[in-house]
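Here's the structure, in structure tokens; my notes come after.
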Amino acid sequence: MGGQAKGKKKGKPKRKDINPNLDPRFVGVSPQERMKLRAHEKAKKKSAEKYSVLQLLEKTEECMDSFDFEMARLFCQRALDVESSNLQALDMQGHICSELGDTEKAKEISFMQVYSFFELELSPDVGHSKYMYLGQINTGQESVDFYTKGIQVLLSALEKQAQTTQAEAAAAAPADEDAELPTAKDVCVAYCSVAEIYLTDLCMEEGAGDKCKELIERALQYHHDNPEALQLMASYLFSTERNQEGKEYLLKSVGLWLPAQEQSAASSSTDEDMQNEIPPYESRVTTAKLLLESEEFEVAVDVLEGLLEEDDEVVQVWYLSGWVCYLQLEKAKELQEREGREVTAEETEEWKALQEVARSYLTNAKKLYIKLRCDDQPMSEHVEQLLGDLGGELEGEEEDPFLDEDYEP
Numbered sequence: 002m003g004g005q006a007k008g009k010k011k012g013k014p015k016r017k018d019i020n021p022n023l024d025p026r027f028v029g030v031s032p033q034e035r036m037k038l039r040a041h042e043k044a045k046k047k048s049a050e051k052y053s054v055l056q057l058l059e060k061t062e063e064c065m066d067s068f069d070f071e072m073a074r075l076f077c078q079r080a081l082d083v084e085s086s087n088l089q090a091l092d093m094q095g096h097i098c099s100e101l102g103d104t105e106k107a108k109e110i111s112f113m114q115v116y117s118f119f120e121l122e123l124s125p126d127v128g129h130s131k132y133m134y135l136g137q138i139n140t141g142q143e144s145v146d147f148y149t150k151g152i153q154v155l156l157s158a159l160e161k162q163a164q165t166t167q168a169e170a171a172a173a174a175p176a177d178e179d180a181e182l183p184t185a186k187d188v189c190v191a192y193c194s195v196a197e198i199y200l201t202d203l204c205m206e207e208g209a210g211d212k213c214k215e216l217i218e219r220a221l222q223y224h225h226d227n228p229e230a231l232q233l234m235a236s237y238l239f240s241t242e243r244n245q246e247g248k249e250y251l252l253k254s255v256g257l258w259l260p261a262q263e264q265s266a267a268s269s270s271t272d273e274d275m276q277n278e279i280p281p282y283e284s285r286v287t288t289a290k291l292l293l294e295s296e297e298f299e300v301a302v303d304v305l306e307g308l309l310e311e312d313d314e315v316v317q318v319w320y321l322s323g324w325v326c327y328l329q330l331e332k333a334k335e336l337q338e339r340e341g342r343e344v345t346a347e348e349t350e351e352w353k354a355l356q357e358v359a360r361s362y363l364t365n366a367k368k369l370y371i372k373l374r375c376d377d378q379p380m381s382e383h384v385e386q387l388l389g390d391l392g393g394e395l396e397g398e399e400e401d402p403f404l405d406e407d408y409e410p
């Protein structure tokens, strides 16, 4: 009996060899490392389910802008977990590693970028994303060439997709969920990207204005109510001094997404469909600038309030918020003078309130500018000029902890 008992004890360790929970990747790995690997796999799966690569890279960029490179690396790695050969993610991660002093990792990422770039030679007519990214990181005509190739790939893929959909409908076969399925919106965005180059980098090229307009019109053919395409048309029209037409396009664009932004802010909603209706943060900052240019001050206030609700650590948004209040105040005074009448008590109260709000916004803009060590001298000078006209910075009010004098980024 004793011998049998000893035999059973000797046999127990063998259970480890047939443990169904063991993954071949974990063989020879310490328990601590095994836990890390499993946690990483779980996080990777969760990221893929909850966030798109684009959303993760937007968060990465936000962290980089605020010099939080450790957090930026985490978001960027999540994006790479979902799409390991994404050139934009690789480029950002390489920059982040360089900022953090991890030169070996930066070199490794550079190698991965080169490897991914070879895909252009191996599969030039498959996958439009690589061309969209290369269009982003290049400038001028090179950028146009990459975007143009990307558009060709997109249009070809859309045609094949339509044919495949018809065939699958006839055969009742399911679509390939892993395929990179382009949409008409993708084509619209790509055309807008090229149009924007002719509005900026290549604006001095012969026929740049006509090319810009033609590209925006093509974009709108594929997605007629795309807010960013409508806004880009507004920018083009403003640049050609067709201000009334430009204002109409701009207000149509804002009307498509501003209600969703207000509803999202009011309910703190993270509903994906609702968020997809709202253009990217930077695009909405441009919207605010165009609204100021077209003197649509009240709509500009609504846009800027939503931006501050979403992220209150962007200097430019504080600055624009102060500037729009200043412009509202000046417009009200001009109207009163033009009418040639005495200032009413109600107007005096309203003007004082506008002045104080403008000073508050601009004071925060100045403090945040210093704390984040921004480098935009014209904006800084304009903030000082506006504060001077309004009576200087506000003092003695309760400060945001982020703007505290002792804060160090």
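With our numbering as the guide, the letters of the sequence shown map in order to residues 2 to 410.
The beta-carbon is built from N, C-alpha and C at its ideal position, and this holds for glycine as well.
| query | result |
| --- | --- |
| Whole-angstrom distance between Leu203 and Ser236, CA atom to CA atom | 15 Å |
| Cβ-Cβ distance between Cys189 and Ala163 below 8 Å | no |
| Between the CA atoms of Tyr192 and Trp319 - distance to the nearest angstrom | 32 Å |
| Burial state of Thr288, where buried means 16 or more other Cβ atoms lie within 10 Å | buried |
| Inter-residue Cα distance where the pair is Leu305 and Glu59 | 19 Å |
| Three-pair Cβ contact test at 8 Å for the segment 93–105 versus the segment 141–158 | no |
| C-beta atoms of Val316 and Leu369 nearer than 8 Å | yes |
| Own chain, CB closer than 8 Å to Ile217, minus 5 neighbours either side, in chain order | Tyr192, Cys193, Ala196, Ala230, Leu233, Met234, Tyr237 |
| Close beta carbons around Ala359, own chain, < 6 Å, minus the five adjacent residues each side | Gly323, Cys326, Tyr327, Leu391 |
| Chain-order list of residues whose beta-carbon lies under 7 Å from that of Leu182 (same chain, five-residue window excluded) | Gln162 |
| Beta carbon of Glu283 nearer than 8 Å to that of Phe239 | no |
| Residues near Ala209 in its chain [Cβ-Cβ closer than 7 Å; skip 5 each side] | Tyr199, Leu203 |
| Residue span of the alpha helix (DSSP H) that contains Asp303, given as start and end | 298–311 |
| Asp390: first and last residue of the uninterrupted alpha helix (DSSP H) it sits in | 378–391 |
| Alpha-carbon spacing of Leu387 relative to Gly393, whole angstroms | 8 Å |
| Test item: CB-CB of Tyr134 and Gln89 under 8 Å | yes |
| Check whether Val255 and Val300 have beta carbons under 8 Å apart | yes |
| Residue closest to Cys375, alpha-carbon to alpha-carbon, out of Gly389, Glu314, Gly341, Leu330 | Glu314 |
| CB of Leu355 within 8 Å of CB of Gln329, strictly | yes |
| Extent of the continuous alpha helix (DSSP H) run through Tyr1 | Residue 1 lies beyond the range of the chain shown here (2 to 410); nothing can be said about it. |
| Assigned secondary structure, Arg360 (DSSP; H/G/I helix, E/B strand, else coil) | helix |
| DSSP three-state assignment for Glu242, whether helix, strand or coil | coil |
| Endpoints, the alpha helix (DSSP H) within which Thr288 is located | 282–294 |
| Beta-carbon proximity list for Gly151, same chain, < 7 Å, skipping 5 on both sides | His129, Tyr132, Met133, Gly136, Ala191 |
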